[in-house]
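Q: Residues in the sequence shown are numbered from 67 upward in steps of one, following our numbering. Virtual Cβ for every residue (Gly too), placed ideally from N, Cα, C.
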Amino acid sequence: MSLTEQIQKDIVTAMKAKDEARLSTLRMVKSALQNRKIEKMAELDEKESQAVLATLIKQRKESVEQFTKGGRQEMADKEAAEIVLIETYMPKSAGEAEIVAGVKTAIAEMGAPTMKEMGTVMKNAMARFNAAGMRVDGKVVSEAVKKELAAGYQRIKIKIKPGMDLEQIKRLRQDFPRIKLMVDANSAYRPADLPLLQQFEPYHLMMIEQPLGWDDLYGHVELQKKLQTPICLDECIHTLEQAQAAIALGACKIINIKMGRVGGYTVAKEIHDLCQANSIPVWCGGMLESGIGRAHNIAISTLANFTLPGDVTASARYWHEDIIEPEVTVSAQGTIRVPSGPGIGFAPRMDRIEKFTVRKERLA
């Protein structure tokens, strides 16, 4: 049944029910469709009919705004009710998550666009929504594009485990063909899973992080021999000596350095220097630090061999309000400004720390 036929059927139903408000709106929609048909001098296809409805909705949204400003709430409510009815004949409206996903896909397909290319990103995102038959508000898409371009993130990292891995990797690589993509297994696999892990190879992952157990260094040696995708060791590396063994045995091609795990700057720098001397790139892993911990991660990440995108993110990624000032921000190019002042370069906000403190203990 075409849209015009459906509306005519619903007009009859509204007449029988004596629903005057619904009947009035449906007759108005039918009239708008007929007028567009006369202009075209041909039958409207589904897309053209939906465009007519979209125009009616837009006009009524503008009227609601004007009536509300003018204090005419009764008229604003009437227009709003018409919008609700007309929208029932429109395709599914994309939700916030779908809009963000579509925008991220459009950005990833372009590589690493800047804010100057916002118009092109917007055009590509809208094309994706239209192709999927989704109805979207252009203003909402525009805001999503601005937000994602401003965030500047240029790497995708997902957690995987058996049964939640290959299909997710396939989909992400399909949706984001050019973006840096890595997976973190958190020791979820066993050596017997080699055939499954080998199926990841065609998707050009940056790395598979910690596929086997935290204490299975030998297993990682054997696994890396059989995989082209680099293995990144995380939980295996607690000390300089463990890093030396991993490199000497060929257990990995990348190491994730977490200062909180290895014991601070001294060991972290020693592992960094060891990896640099052996052409093993490193990156800085995160552990949901507050701004103070994040400031230390920023500092260590300035060393020369931290060449891969790390887990250091903007404060707003996880915190409504951080406990440092200024808060950490990420540029549109995916970079973080390194403070030039003494110390960690950020000032702790003692008022917020005090506010959220639940226990104090003094050490003599």
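Quick one: Cα of Lys103 to Cα of Thr154, how far?
A: On the sequence shown, residue 103 is found 37 positions in, with the first residue counted as 1. On the sequence shown, residue 154 is found 88 positions in, with the first residue counted as 1. The straight-line gap from Cα to Cα measures roughly 21 Å.
Q: Could you check how far apart the C-beta atoms of Gly352 and Thr373 are, in whole angstroms? I think they sit under 8 Å.
A: Working through the sequence shown from its first residue, we reach residue 352 at position 286. Working through the sequence shown from its first residue, we reach residue 373 at position 307. Wrong, their Cβ atoms sit about 17 Å apart, outside the cutoff.
Q: Using only the alpha-carbon positions, how far apart do Ile447 and Met273 sit?
A: Outside the displayed span of the chain (67 to 430) sits residue 447, for which this structure offers no information.
Q: Would Cys350 and Ile323 be called neighbours here (beta carbons separated by less than 8 Å)?
A: Taking the sequence shown and counting its residues from 1, one reaches residue 350 at position 284. Taking the sequence shown and counting its residues from 1, one reaches residue 323 at position 257. Closer than 8 Å, so yes.
Q: Quick one: Cα of Gly376 to Cα of Val404, how far?
A: Here residue 376 refers to the residue found at position 310 of the sequence shown. Here residue 404 refers to the residue found at position 338 of the sequence shown. Using only the alpha carbons, I get a separation of about 14 Å.
Q: List the residues that DSSP assigns as beta-bridge partners of Val249.
A: Within the sequence shown, numbered from 1, the residue matching residue 249 stands at position 183. Ile224, Ile274.
Q: Spell out the partners DSSP gives Cys350 in its beta bridges.
A: One-based indexing of the sequence shown puts residue 350 at position 284. Answer by DSSP bridge pairing, in chain order: Ile323.
Q: Quick one: what's got a C-beta closer than 7 Å to Ala80's C-beta in the same chain, skipping five residues either side?
A: Stepping through the sequence shown from its first residue, residue 80 is reached at position 14. Within the same chain, Ala80 has close Cβ partners Arg88, Leu89, Leu92.
Q: Between which two residues does the alpha helix (DSSP H) containing Leu299 stretch?
A: Residue 299 sits at position 233 when you count from the first residue of the sequence shown. Per DSSP, Leu299 belongs to no alpha helix (DSSP H); it is in the beta strand (DSSP E), 297-299.
Q: Excluding sequence positions up to five away, which residues of its chain have a Cβ less than 6 Å from the Cβ of Gly164?
A: Position 98 of the sequence shown, counted from the first residue, corresponds to residue 164. One detail in the question is off: residue 164 reads as Glu in this sequence, not Gly. Answer for Glu164: no residue qualifies.
Q: In whole angstroms, what separates the C-alpha of Arg126 from that of Leu151?
A: To locate residue 126, count along the sequence shown from 1; it is residue 60. To locate residue 151, count along the sequence shown from 1; it is residue 85. Cα to Cα, the separation comes out at about 12 Å.
Q: In whole angstroms, what separates the C-alpha of Ala98 from that of Ala142?
A: Residue mapping note: residue 98 aligns to position 32 of the sequence shown, counting from 1. Residue mapping note: residue 142 aligns to position 76 of the sequence shown, counting from 1. Roughly 21 Å between the two C-alpha positions.
Q: Whose C-beta lies closer than 6 Å to the C-beta of Leu369 among residues of the same chain, with five residues either side of it excluded?
A: Numbered from 1 along the sequence shown, position 303 holds the residue referred to as residue 369. For Leu369, where only same-chain residues beyond five positions count, the Cβ hits under 6 Å are His338.
Q: Helix, strand or coil for Ile149? Go by DSSP, reduced to three states.
A: For the purposes of this step, residue 149 is taken as residue 83 along the sequence shown, with counting starting at 1. Helix, per DSSP.
Q: Got a sec? Which residues, its chain only, sit under 8 Å from Ile419 by beta carbon, not counting five neighbours each side?
A: Taking the first residue of the sequence shown as position 1, residue 419 is located at position 353. Same-chain partners within the cutoff: Ile389.
Q: With H, G and I counted as helix, E and B as strand and the rest as coil, what does DSSP make of Pro261?
A: By one-based count along the sequence shown, residue 261 stands at place 195. It is helical.
Q: Check Pro414 in the structure and name its three-state DSSP category.
A: Taking the sequence shown and counting its residues from 1, the one referred to as residue 414 is at position 348. In the structure shown, Pro414 sits in a strand (DSSP, three-state: E or B).
Q: In this structure, how does DSSP classify Phe372 when only helix, strand and coil are distinguished?
A: For this step, residue 372 is matched to residue 306 along the sequence shown. If DSSP states are grouped into helix, strand and coil, Phe372 belongs with the strands.
Q: Go to Met200, then tell me how far its alpha helix (DSSP H) extends in each direction, as first and last residue.
A: One-based indexing of the sequence shown puts residue 200 at position 134. First-last for Met200: undefined, no H or E at that position.
Q: Sorted by chain position, which residues of the same chain lie with C-beta nearer than 7 Å to Trp280's C-beta, five sequence neighbours on each side aside?
A: The residue you call residue 280 lines up with position 214 of the sequence shown. So the list reads Ser253, Glu301, Cys302, once near-sequence residues are dropped.
Q: Name the one or two DSSP bridge partners that Ile390 has.
A: In the sequence shown, residue 390 corresponds to position 324, counting from 1. Partner(s): Pro414.
Q: Going straight from the alpha carbon of Thr395 to that of Ala382, what length do you get?
A: Along the sequence shown, one-based indexing puts residue 395 at 329. Along the sequence shown, one-based indexing puts residue 382 at 316. Going from the Cα of Thr395 to the Cα of Ala382 covers about 8 Å.
Q: Indicate whether the contact test is met: 3 or more Cβ pairs, each with one atom in the region 285-292 and one in the region 259-272, closer than 8 Å.
A: Because the criterion of three Cβ pairs below 8 Å is met, the region 285-292 and the region 259-272 touch.
Q: Can you check DSSP and say which residues form a bridge with Met230?
A: Within the sequence shown, numbered from 1, the residue matching residue 230 stands at position 164. Met230 pairs with Lys227.
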